[in-house]
Amino acid sequence: MQLRRQIIDKLNGFWMITTLVTILILPLVICIGLYIKAAPIFEQHSFLELVFTSKWEPSRGTFGFWPFIAGSLYVTLLSFLFTAPVCLLAALYLTQFAPRALIRIMHPVIDVLAGLPSVIYGVWGILVIVPFVSALSVPLSGSPSSGYSVLAGGIVLAVMVIPYTLNMLIEVFNTVPSGLKEASLSLGATMWESVKHVVIRGNYPGIISAYGLGIAKAFGETIAVMMVVGNVVKASGNPFNAAYPLPALIANNYGEMLSIPMYDSALMFAAFLLLIIILVINLFFRLLIHKTKRL
Amino acid sequence: MRRYKMLEEKFFIRLSALFTYSLIAVLAFIIVVIFYKGFAALNWDMVLKTPKGGYYYGGEGGVLNAITGSLYIAIGATLIAVLIGMPAALYLNVQLIRYRRTQNTIRYFLDALWGIPSIVYGAFGFTLMLFFGMNASLLAGIITVALLISPIMVRTFDEVLCTIPKGLHEASLALGSTRTETAFRVMFKQGFPGFITAILLSFGRGIGDAASVLFTAGYTDNIPVTLDEPAATLPLAIFFQLGSPIPEVRDRAFAASIILTIIILSISLGARLLSKRFSKTNLK
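Taken in order, these protein sequences are the chains called A and B.
Read in the UniProt record's numbering, the first sequence has 40 at position 40, and its numbers run on one by one without any break.
Read in the UniProt record's numbering, the second sequence has 111 at position 111, and its numbers run on one by one without any break.
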């Protein structure tokens, strides 16, 4: 009886640690897998050439990823501009000023916003944001636009990323010891002043990390952006024009990737690049957050 | 000066309140738009029938193939993810409880894993599929989605286990039970309501994710019977129908969006209710 329990314990311990290790080496396996598939393209082009040239002619074997990377960066930047102030102020309100009842309502709201599938955001973007941007384009930029544009992508993406960043900011602000704020209040500061100087200033690393992780999330988002951003390979500065972000490139061309030589390697290189960029951003900002939390 | 301070405070509190309430408004707006637009095209045929011939040119039928396909993939993936995720999370909280540093490092890596975009999992699933010589199929879709949701599941299980008082764990060990018994009879039981929530939420993610199954699950008008048949999913059905030039087909995409939204909303609300109900019997 005793022996049986111990054998079960040993076997089970083995099973448990196997699963944990499996999950932890998963990103490494993904990295290697994608790299092997992308390797043929490195024999013909150098890494820098692939990333920084902008000529995209798969049928002739020319792969310049810059328009896609630029498109991704542009859409992500726009969405960041929209989310940053909203998330910061909403997180402050929810952690510092809001009545208890509101917090109880906001929890499910944030959860549902975070849980809605991206395709639903895409549908919403097509129904609401695209016509809206199209209507704005003539008065704001002078030339008409179909609405399928960087701006539309940025807005839809902003709404998708808000719950994510907001959640993280709330977590960061909740770690502020209330004694600090009370001390500042008792010295005669107004409520807002103590929030500004104690809660915000003391948490710069946390706030920046929350934004950084939001940006990483936005950078990798595929379907919703692809549905509203227009998908035209052309880098231009006008937010009312279409763009072609990196994830959309991968998703859009899977059908033909096996028929053109090197095309599949190029697309797997895109996925590899996306993974590396996001993993690096994530590891960096997560480290920052973990460090702050331990204090 | 004093007046200025008060004004500043008032302004920022009002502004932040406005932003907060506007989030509720945005959510309501999205849901209302989805329901308003799709309601006209929604009927029982949509839910109960597979596409008939010429569906994508305005023919008869519905999206039952996509609904069942999504459910199959999400259920299969959730089962695999639980099998991988549950022991991993228990190990992290039972065996490693004395090694805080290791625990924190693992949590850090899991958190970073959470951010990998689903299109990357999709691409990886595709390479894996080619490597094993499989076709786009239900099984490939299940594996890809399982990879996508496992890290999320471990981390949410872990969060649940963290809230269990340490004394309980110590008491169980002190009474002479092995670590396995502590893990499954004490920790698992205490964490059960939280686990249900975590499982349901991952399940919701599995249903809603489009990018990861784009390459791996394929697409078909039939309901898959075996694991090596391709399967349609609801997000992809919406996506493909929206690309159609025929207005009637696009209306169906909006109707399918309602179905997907209802599924996700009920999972989200269900998770909340269930976890409240089960947590009544727990020690605090």
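Glycine is no exception: its CB is placed at the ideal position from the N, C-alpha and C atoms.
- Only those residues of the segment 101-119 of chain A whose C-beta falls short of 8 angstroms from the nearest C-beta of chain B are listed: L102, I105, M106, P108, V109, I110, D111, V112, L113, G115, L116, P117, S118, V119.
- Pairing G64/A with K55/A gives a Cβ-Cβ distance under 7 angstroms.
- Beyond the five residues adjoining it in sequence on each side, C87/A comes within less than 7 angstroms, by CB distance, of I162, T165, L166, L169 in the same chain, given in chain order.
- Contacts between E221/A and chain B, judged by CB atoms closer than 8 angstroms, involve P117 in chain order.
- For Q241/B, the enclosing alpha helix (DSSP H) begins and ends at 234-242.
- The beta carbon of A232/B sits closer than 6 angstroms to those of N65, A66, G69, Y219, T220, all from its chain and outside the five residues before and after it, given in chain order.
- Distances from the alpha-carbon of A183/A to those of A218/A, F173/A, S194/A put S194/A closest.
- Residue range 204-220 is occupied by the alpha helix (DSSP H) that includes P205/A.
- In this model, I116/B and F109/B are separated by some 12 angstroms (Cα to Cα).
- Under the 10 Å beta carbon count, N104/B is surrounded by fewer than 16 other beta carbons and is classified as exposed.
- When the beta-carbon positions are compared, L275/A and V120/B come within less than 7 angstroms of each other.
- Interface with chain A (7 angstroms Cβ-Cβ cutoff): K5/B is included.
- Classified as exposed, E43/A has fewer than 16 neighbouring CB atoms from the shown chains inside 10 Å of its CB.
- Counting of Cβ neighbours within 10 angstroms places E60/B among the exposed residues, the total staying below 16.
- Under the DSSP definition of a beta bridge, F240/A lacks any partner.
- The count of Cβ pairs closer than 8 angstroms, one atom from the segment 103-122 of chain A and one from the segment 223-239 of chain A, reaches three, so the stretches are in contact.
- Cβ-Cβ separation between A81/B and S150/B: approximately 5 angstroms, consistent with a contact (criterion under 8 angstroms).
- Annotation: R250/B to L269/B spans about 29 angstroms, alpha carbon to alpha carbon.
- Spatial neighbours of P131/A in its own chain (CB-CB distance under 8 angstroms, excluding positions within 5 residues in sequence) are listed in chain order as G147.
- Within the segment 266-279 of chain A, the residues whose Cβ lies closer than 9 angstroms to any Cβ of chain B are, in chain order, L267, M268, A270, A271, F272, L274, L275, I278, L279.
- Taking all protein chains in view, the Cβ of D111/B is crowded by 16 or more other Cβ atoms within 10 Å, so the residue is classified as buried.
- At least one CB of chain B lies nearer than 7 angstroms to the CB of L92/A.
- DSSP lists A243/A as the bridge partner or partners of G230/A.
- When 8 angstroms is used as the limit between beta carbons, L287/A is near these residues of chain B: Y108, in chain order.
- L42/B is positioned such that its CB atom lies closer than 7 angstroms to that of A255/B.
- Chain A places a beta carbon closer than 7 angstroms to that of S16/B, counting this residue as a contact.
- In terms of CA proximity to D158/B, T197/B leads the group T197/B, V145/B, S137/B.
- In this model, S275/B and S257/B are separated by some 27 angstroms (Cα to Cα).
- Annotated three-state conformation of E229/B is coil, per DSSP.
- Among the CB atoms of chain A, one or more fall inside 7 angstroms of the CB of S257/B.
- Beta-bridge partners assigned by DSSP to F63/A: W56/A.
- Chain B has no Cβ within less than 7 angstroms of the Cβ of A242/A.
- For the segment 78-102 of chain B, the set of residues with a beta-carbon nearer than 7 angstroms to any beta-carbon of chain A comprises I84, P87, A88, L90, Y91, L92, Q95, in chain order.
- In the three-state scheme derived from DSSP, where H, G and I count as helix and E and B as strand, R5/A is classed as helix.
- Counting only Cβ-Cβ distances below 7 angstroms, T22/A has contacts in chain B at I84, in chain order.
- Shown in chain order are the members of the segment 170-198 of chain B whose Cβ falls below 7 angstroms from a Cβ of chain A: T178, R179, T180.
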